[in-house]
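Presented below is the structure to which this report refers.
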Amino acid sequence: MKFPVVITVVLASLALTIDATVYFKEQFLDGDGWKSRWVESKHKSDYGQWKLSAGNFYGDAEADKGIRTSQDAHFYALSAHFEPFSNEGKPLVIQFTVKHDRLHPHHNHAEEAT
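All letters in the sequence shown, in the order written, are residues -20 to -1, 1 to 94 by mature numbering (1 follows the signal peptide of the UniProt record, and there is no 0).
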């Protein structure tokens, strides 16, 4: 029984040494408020339109909302501003969640611009 307790203590102490800074976080909890923070590209006139939705499958219809593509066979481009920062000497982790709730997702990818 001592061994699991030791592992728990070690893992807990490791968690205390992690120093992570979140520079940008979006949860889409304020209805259409995301439209004031995100910019849809006007580079091409035939880009698809984004909409706020929990998708076809969700646990909580309000808490699980995010932006989704609204038209098949379209390109989409969207960006959001955040304050400049430096991660010099530290790794940069970009994390996002994608939910595929259609039968055949096609060519889905994200690109980041610097």
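A virtual CB, placed ideally from N, CA and C, is assigned to each residue, including glycine.
- For the stretch 36 to 68, the full-length beta strand (DSSP E) segments reaching 3 residues or more read 46 to 49, 58 to 60 along the chain.
- DSSP lists Ile47 as the bridge partner or partners of Leu32.
- Here Lys31 is exposed, its C-beta having fewer than 16 other C-beta atoms within 10 Å.
- For Ser16, the enclosing alpha helix (DSSP H) covers residues 14 to 17.
- When rounded, the separation of the alpha-carbon atoms in Ala(-1) and Leu72 is 10 Å.
- Under the DSSP definition of a beta bridge, Glu20 partners with Leu58.
- The DSSP-derived three-state label of Ile74 is coil.
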